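> So that you can map any letter, position 84 of the sequence shown is 84 in my numbering, and since no number is skipped, the others follow by simple counting. Glycine included, every Cβ here is placed at the ideal spot set by N, Cα and C. From a predicted model like this one, the values you see are computed outputs, not experimental measurements.
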Amino acid sequence: MRDQQIRNAQQLQEGAQLRAENSHLRKLLAASEQTQSRTVMSEILYDARDPFSRKVVMDRGARNGIELGQPVIDDLGVVGQVTRVFPFTSEVTLLTDKDHAIPVQVLRSGVRSVAYGRGQSGSLELRFMASNADIQKGDVLMTSGIDGVYPAGLAVATVISVETKTANSFARILCLPTAGVSRNRQLLVLLT
Numbered sequence: 001m002r003d004q005q006i007r008n009a010q011q012l013q014e015g016a017q018l019r020a021e022n023s024h025l026r027k028l029l030a031a032s033e034q035t036q037s038r039t040v041m042s043e044i045l046y047d048a049r050d051p052f053s054r055k056v057v058m059d060r061g062a063r064n065g066i067e068l069g070q071p072v073i074d075d076l077g078v079v080g081q082v083t084r085v086f087p088f089t090s091e092v093t094l095l096t097d098k099d100h101a102i103p104v105q106v107l108r109s110g111v112r113s114v115a116y117g118r119g120q121s122g123s124l125e126l127r128f129m130a131s132n133a134d135i136q137k138g139d140v141l142m143t144s145g146i147d148g149v150y151p152a153g154l155a156v157a158t159v160i161s162v163e164t165k166t167a168n169s170f171a172r173i174l175c176l177p178t179a180g181v182s183r184n185r186q187l188l189v190l191l192t
């Protein structure tokens, strides 16, 4: 009976995992249908080895139509950008990487800026914004489309803090990415 109980518990856990994966794949399929460009679904194989960067390696590469610079999304928003391509795999630099930047626009006010990754903190920062810029806590940031890489209108982040009383004339604006970078195994690559 004890062995049967262990097998039943294992089957229950596997079933729960499969239901969660199925739900996520359905959301990705819906996101794929909403985008205007073609997409390729990919699975994350592992995190890149460099502990100072925020990168993942995917199971799709040049043989699947993946090219440098293509945007990567999940069902909630932008995850990152393809930065290295091999025949069967590719590397994606996440939005939160300290060397990554993405042009954004505040949905409420239309203010444009650039969001920079903050590394291991898992957040983004709007740098060089005037203290009187029309940005508030809770504002949603979308891709502006100005760079020609990311199509306009994809969710990027939500503003979590705006500090205007700093030593210099710029505000300190921190944002939390919308996409579930650390929760997902499957992602969509936009074939732009």
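Just the C-alpha distance for residue 208 and residue 184, rounded to the nearest angstrom, thanks.
Lying outside 1 to 192, the shown extent of the chain, residue 208 is not represented and no answer is given.
> CA-CA distance, residue 110 and residue 104?
9 Å
> For residue 141, would you say it is in contact with chain C, using Cβ-to-Cβ distances shorter than 9 Å as the test?
Among the chains of the structure shown, chain C does not appear; only one protein chain is present.
> Going by other Cβ atoms of all chains shown within 10 Å of its Cβ, with 16 needed for buried, is residue 74 buried or exposed?
Answer is buried; the Cβ neighbour count reaches 16.
> Could you check whether the stretch 123–133 touches the stretch 160–177, counting it as contact only if at least three pairs of C-beta atoms, one from each stretch, sit closer than 8 Å?
yes
> Going by CA-CA distance only, name the one from 138, 93, 107, 18 that's closest to residue 52.
93
> Tell me, which residues are paired with residue 177 by DSSP?
Note: residue 177 sits in a beta bridge opposite 157.
> Take residue 137 and list the residues in its own chain whose beta-carbon comes closer than 7 Å to its own, dropping the five residues that flank it on each side.
159, 160, 161, 162
> Give the single residue among 66, 131, 47 whose Cα lies nearest to the Cα of residue 88.
66
> Considering only the alpha carbon of each residue, which of 64, 85, 190, 19 lies closest to residue 152?
Ranked by Cα distance from residue 152, the options 64, 85, 190, 19 are led by 190.
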